[in-house]
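Shown next, in structure tokens, is the structure this report addresses.
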Amino acid sequence: MSTSSGRSVAIIGAGAAGAITAVAFASEGTFDTIRVFERREVPGGTWIYDVDPSPPTQLHPGKLPPDIDPPLKAPSSFPSATAPSGQARFDRTPIYSELTTNVPEIVMSFSDERFAYGPFAPHWVPKQYIQNYFSSHRADQYLVLNTTVEDVSRIAPRGSRSERWKLTLRRYDPIEKADIWWQEEFNAVIIANGHYSVPFIPSVKGLNEYMAAFPGRVSHSKTYRSATHYTNKRVLIIGNSASGHDITTLLSKSGTTHLPVYQSRRSRSRWDGESPPPGISWKPIVREYDAVTGAIVFEDGSVLDDIDAVIYCTGYKPSYPFWNAKANGGPLYDYDENRLRGFYQHTFSRAFPNSIAVVGIPRVLTFRSFEYQAVALARLFSGRNAKPLPPAVEMEAWEKERAEMVKREGRGFHTILWDDGETIEWFRYLYELGGLPVLEGEGRFPPVLDRETRWAYDHIRKYPEPGKGELDEPRAKASNRHPRPRTHPRSSQLIDTDLIRTCIDEKFCGEVGSVV
Numbered sequence: 018m019s020t021s022s023g024r025s026v027a028i029i030g031a032g033a034a035g036a037i038t039a040v041a042f043a044s045e046g047t048f049d050t051i052r053v054f055e056r057r058e059v060p061g062g063t064w065i066y067d068v069d070p071s072p073p074t075q076l077h078p079g080k081l082p083p084d085i086d087p088p089l090k091a092p093s094s095f096p097s098a099t100a101p102s103g104q105a106r107f108d109r110t111p112i113y114s115e116l117t118t119n120v121p122e123i124v125m126s127f128s129d130e131r132f133a134y135g136p137f138a139p140h141w142v143p144k145q146y147i148q149n150y151f152s153s154h155r156a157d158q159y160l161v162l163n164t165t166v167e168d169v170s171r172i173a174p175r176g177s178r179s180e181r182w183k184l185t186l187r188r189y190d191p192i193e194k195a196d197i198w199w200q201e202e203f204n205a206v207i208i209a210n211g212h213y214s215v216p217f218i219p220s221v222k223g224l225n226e227y228m229a230a231f232p233g234r235v236s237h238s239k240t241y242r243s244a245t246h247y248t249n250k251r252v253l254i255i256g257n258s259a260s261g262h263d264i265t266t267l268l269s270k271s272g273t274t275h276l277p278v279y280q281s282r283r284s285r286s287r288w289d290g291e292s293p294p295p296g297i298s299w300k301p302i303v304r305e306y307d308a309v310t311g312a313i314v315f316e317d318g319s320v321l322d323d324i325d326a327v328i329y330c331t332g333y334k335p336s337y338p339f340w341n342a343k344a345n346g347g348p349l350y351d352y353d354e355n356r357l358r359g360f361y362q363h364t365f366s367r368a369f370p371n372s373i374a375v376v377g378i379p380r381v382l383t384f385r386s387f388e389y390q391a392v393a394l395a396r397l398f399s400g401r402n403a404k405p406l407p408p409a410v411e412m413e414a415w416e417k418e419r420a421e422m423v424k425r426e427g428r429g430f431h432t433i434l435w436d437d438g439e440t441i442e443w444f445r446y447l448y449e450l451g452g453l454p455v456l457e458g459e460g461r462f463p464p465v466l467d468r469e470t471r472w473a474y475d476h477i478r479k480y481p482e483p484g485k486g487e488l489d490e491p492r493a494k495a496s497n498r499h500p501r502p503r504t505h506p507r508s509s510q511l512i513d514t515d516l517i518r519t520c521i522d523e524k525f526c527g528e529v530g531s532v533v
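Written out as structure tokens, the structure reads:
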């Protein structure tokens, strides 16, 4: 039975990761105080759609979050009121009007509540789903909206070995036209603020001068909203990961953008064939920008001198301006190696294993991966975990070994592979650490990675990959346009694979999708 413990937990971020974390902790019944701090006016995280991406994001080639998203200076006493801060905080989202998800709905939803939609949902469906999830699980009572966490600092009570954390909080008061500051203390903090806020643009010779000479010509995909803004324009896309592929495809099929749409690629993506699709021209990486003539010079010596718009689709860097590295013994994130620093299994803090954690950094199986992390953490922080965390020395060894492995393999530290079973082993570890809920009902069941989920993730693809169809099978030849429908692994219902292809080909599911 649940008992009053006087324990408290703060969750930073009210997106999908924050939602499932709040519900998982509430289900344990061991925390008297749960707060979900969200700087926006509604929950939804990355999936909130800002029609107007203003204020315009200032571009800083080569700069990292510690430089361009620093912490605000806090007042000397609390509570306090100060003049409103004018510092950019990158709180607008990268959602654009045509965006849809690019994975099956079963992995874009939590195990106890499915999307009321098909495979590739438009962007407002995940947002509404997250908001409804808070409400249907009565977790909306924990929301503290329009509130920015400005500082997280460890406080050690004299004579005590237990950690407590002091959060410095800020909220703009539109009546007083002032920033209101205050502080609260918690036993534990879960960081679930996502990583699609601070855009990254690489440093390129002449780029700063080019942007100064041609204001507004260069942008980041974070502020892209619609192909209509590029009518009759010659466009160069930099990058070919998810957003680069989406926006290039969208512009090339818009019927209004000047063709071809140029796409600069460092390497071949998993969606690229031997030659570019109609309306697209591939280019190598940019070597130099000429601010005098407006020319763009590429690594192969080729030149484009009539480009009207350059869109950088080069991703984002996680930002934690609230993490007080001095008070907490070191930084949270290593930007040289692009990874969390001092964390085990992408989740657990080695220095503060029972009071600090991060949810939502790996991008595999999306919402479901957040759920495995949230359940394991809720059980661990409640003291009901089935297995203990290993000693700090073993956690450090895991981190070192993984860093060496991914360096050899040329992939990101938090890139967890699906095809070789790495994802399943990660989920298995979280599943076994958390264990099952208690007989009396406290605690949440961790999701089962059943055949239905695995089948959907393996076979239902928005964009085909070379050698694979949308459903991970060779495209049907002209003589075999109607292959036998498949049987879904958990029912006798037949799945018409042609119907899904039609949905994709005829845009019934939308044109693009990336932010997952």
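At position 110 of the sequence shown (counting the first as 1) the number is 127 in the numbering used here, and the numbers step up by one without a gap.
By construction, the Cβ of each residue, glycine as well, lies at the ideal position given by its N, Cα and C atoms.
As DSSP reads the structure, Ile147 sits in no beta bridge.
Within the segment 332-403, the runs of beta strand (DSSP E) that reach at least 3 residues and sit entirely inside it are, in chain order, 373-375. In the same chain as Asp196, and ignoring 5 residues on each side of it, the C-beta atoms closer than 8 Å to its own belong to Ala98, Thr99, Ala100, Pro101, Ser102, Arg187, Arg188, Tyr189 and Asp190, in chain order.
If you ignore the 5 residues before and after Leu276, its C-beta comes within less than 8 Å of the C-beta of Ser269 and Gly296, all in its own chain and listed in chain order. Under the DSSP assignment, Lys90 falls outside any beta strand (DSSP E); it carries neither an H nor an E label. Annotation: the continuous alpha helix (DSSP H) that includes His262 extends over Ala259 to Ser269.
Secondary structure of His476 (DSSP, three-state): helix.
Between Val455 and Ser128, the CB-CB gap reaches or exceeds 9 Å. Spanning the alpha carbons of Phe203 and Ala27 requires a straight line of approximately 6 Å.
Taking the CA atoms as reference points, Pro293 sits about 43 Å from Phe151. Look at the beta carbons and you see the segment 46-60 touching the segment 137-156: at least three pairs across the two are nearer than 8 Å. A direct Cα-to-Cα measurement between Phe360 and Leu450 gives close to 16 Å.
In the DSSP secondary-structure assignment, Thr117 is bridged to Pro139. Counting along the chain, the unbroken beta strand (DSSP E) around Arg187 starts and ends at Arg181 to Asp190. Judged by their CB atoms, Ala138 and Ala36 are not nearer to each other than the 9 Å cut-off. A direct Cα-Cα distance of roughly 16 Å separates Phe384 from Thr432. Within the DSSP secondary-structure output, Ala195 pairs in a beta bridge with Asp190. In the structure shown, Ala27 adopts extended strand secondary structure according to DSSP, grouped into three states.
Runs of the beta strand (DSSP E) lying entirely within the segment 35-80, each at least 3 residues long, are 50-54 in chain order. Nearest to Val376 by alpha-carbon distance, out of Phe369, Ser44, Arg367 and Val392, is Val392. Comparing C-alpha distances from Lys417 to each of Leu357, Val381, Arg380 and Arg401 shows the shortest one belongs to Leu357. By alpha-carbon distance to Thr240, the top candidate from Asn341, Lys90, Leu116 and Trp415 is Leu116.
In terms of CA proximity to Asn249, Ser271 leads the group Thr310, Ala229, Ser236 and Ser271. Ranking Asn257, Ser258, Val235 and Gly256 by CA distance to the CA of Tyr247 puts Val235 first. Residue environment for Thr470: buried (at least 16 other C-beta atoms within 10 angstroms of its C-beta). DSSP, reduced to helix, strand and coil, places Thr164 outside both helices and strands of the structure shown, so it counts as coil. Nearest to Gln390 by alpha-carbon distance, out of Pro408, Asn355, Trp443 and Pro348, is Trp443. Counting C-beta pairs with one atom in each stretch, the segment 41-55 and the segment 223-230 have fewer than three that are closer than 8 Å, which means they do not touch. A contact between stretches requires three or more CB pairs, one per stretch, nearer than 8 Å, and the segment 81-97 meets this requirement with the segment 332-347. Taken through DSSP and simplified to helix, strand or coil, Ser281 comes out as strand. In the structure shown, the three-state DSSP call for Ile441 is helix. In this structure, Ala205 lies away from Asn402, with their beta-carbon atoms at least 9 Å apart.
For Val423, the enclosing alpha helix (DSSP H) covers residues Ala409 to Glu426.
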